[in-house]
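Number of protein chains: 2
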Amino acid sequence: MTCNTAEINRQLRKSGYRVTPQRQLILEAVCQLGEHVTPETVYDHVHRIAPTLSRATVYRVLHFLTEQRILAMVLMAEGRLAYEMSGPEPHHHLVCRTCDSLLELPHSVLQSFLRAMETQYDFEIDVSHVSFFGHCADCRSSDGA
Amino acid sequence: MTCNTAEINRQLRKSGYRVTPQRQLILEAVCQLGEHVTPETVYDHVHRIAPTLSRATVYRVLHFLTEQRILAMVLMAEGRLAYEMSGPEPHHHLVCRTCDSLLELPHSVLQSFLRAMETQYDFEIDVSHVSFFGHCADCRSSDGA
DNA sequence: TTTCCTGTTGCAAAAATTTACAACAAGATA
DNA sequence: TATCTTGTTGTAAATTTTTGCAACAGGAAA
Ligand SMILES: [Mn+2]
Ligand SMILES: [Mn+2]
Ligand SMILES: [Zn+2]
Ligand SMILES: [Zn+2]
């Protein structure tokens, strides 16, 4: 995932927020660390670079960047939380509650459902990253034994 | 929500688990307290009745009863977690990230989507209670100002 | 009833997450 | 560049949630 810093910074300033070194570091970290990054992973990474950067700031900034739609919050198994860049091409998850496995869904499979929610309920679902929990084929067959 | 204790107890024993006073208390609590009950609310309630019942047990039992499909885990705004009885008639949520409001969806609106996931991905989504996050009509119009 | 096995609990400590508040610093303005 | 406003951060403490472990107790079997 490419992280268009210049554009993001411009957007933040335009909204009256500030571009701090902490925010830049944390955003870069999520960008580099990949798809489903936990707060602790981010902290470990940025803390190595900026030892005074606190855990509180990591949590606050992840939350803030999510509100700004720059990051997407990802619900993993067991209620664990992760983050990733909110790119132009979202995908979604089928998360198995038994084996923790992840099946990735292309955005297209949700399209018609989302449109229906907009039409029927006037509600715009945040499409950045939706997780569905349930049970995968493997776990269902071995469990039914 | 009626809480068929006898039937639930039978089911637990059949699976090799035990019916303890703690589990019974916690289940009753969720049952009585209503739809979206937080761990802390449950703890306050049961702790009044059984002062030695610990927070750890509340968390463990809520998790356990969810695994047994007796309770359903409900994702609320801001990543907060709640529980409720997993009844025969599930419903789902449209959660507004701006104003925290909840729109309830009848189960039927998900039916065809769920069937598609089963057919295409051989994945059985846990239908007990699904939450979608996004932005409601009110917040979208006032925000676009 | 008594015995026995093993699933569960309470406790205390650890880990994760949030919060209050004073010091700080981004960046707009002059 | 110096100044000023106000959004942000670090610290420490408060909350919330998880975990290890020894003592306990459900309930099957005798
Ligand atoms: Mn993903
Ligand atoms: Mn509900
Ligand atoms: Zn599985
Ligand atoms: Zn709203």
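Chains A and U, in that order, give the protein sequences.
The first sequence begins at -15 in our numbering and counts up one residue at a time.
The second sequence begins at -15 in our numbering and counts up one residue at a time.
Backbone N, C-alpha and C define an ideal beta-carbon position, used for all residues, glycine too.
Because the structure is a prediction, the values reported are computed rather than measured.
Quickly, what does DSSP pair residue i with across the bridge? List them, please.
{"i": "S70(A)", "result": "Bridge partners of S70(A): none, in fact."}
{"i": "S115(U)", "result": "H77(U)"}
{"i": "A56(A)", "result": "E68(A)"}
{"i": "E88(U)", "result": "H77(U)"}
{"i": "I109(U)", "result": "G118(A)"}
Taking all protein chains shown into account, do 16 or more other C-beta atoms lie within 10 angstroms of the C-beta of residue i, making it buried, or fewer, making it exposed?
{"i": "L94(U)", "result": "buried"}
{"i": "L49(A)", "result": "buried"}
{"i": "I109(U)", "result": "buried"}
{"i": "A34(A)", "result": "exposed"}
{"i": "S115(A)", "result": "buried"}
{"i": "F1(A)", "result": "Correcting the residue identity first, residue 1(A) is Tyr in this sequence and not Phe. Its Cβ having fewer than 16 others within 10 Å, Y1(A) is exposed."}
Leaving aside the five residues before and after residue i along the sequence, list all residues of the same chain whose C-beta is less than 7 Å from its C-beta, in chain order.
{"i": "M69(A)", "result": "M(-15), C(-13), V14, C15, L55"}
{"i": "A129(A)", "result": "With a pLDDT of 38 at A129(A), under the threshold of 50, the modelled position of that residue is not reliable, and the figure given next carries that caveat. Cβ within range, chain order: n/a, list empty."}
Cβ of residue i less than 8 Å from any chain A Cβ?
{"i": "C120(U)", "result": "yes"}
{"i": "Y1(U)", "result": "no"}
{"i": "T64(U)", "result": "Looking at the sequence shown, residue 64(U) is not Thr but Arg. No, its Cβ sits nowhere closer than 8 Å to a Cβ of chain A."}
{"i": "I10(U)", "result": "no"}
{"i": "R81(U)", "result": "yes"}
{"i": "L59(U)", "result": "yes"}
{"i": "Y43(U)", "result": "no"}
{"i": "G128(U)", "result": "Residue placement at G128(U) is flagged as unreliable, the pLDDT there being 48, under the threshold of 50; a coordinate-derived value is accordingly withheld."}
{"i": "D84(U)", "result": "no"}
{"i": "Y67(U)", "result": "no"}
{"i": "R124(U)", "result": "yes"}
{"i": "F48(U)", "result": "no"}
Counting only C-beta atoms, is residue i closer than 8 Å to chain U at any point?
{"i": "G71(A)", "result": "no"}
{"i": "F117(A)", "result": "yes"}
{"i": "V114(A)", "result": "yes"}
{"i": "I109(A)", "result": "yes"}
{"i": "R7(A)", "result": "no"}
Here's a check: name, in chain order, each residue in its chain whose Cβ is nearer than 6 Å to the Cβ of residue i, leaving out the five neighbours to either side.
{"i": "C83(A)", "result": "C123"}
{"i": "L134(A)", "result": "This structure cannot settle anything about residue 134(A), because the visible part of chain A is limited to -15 through 129."}
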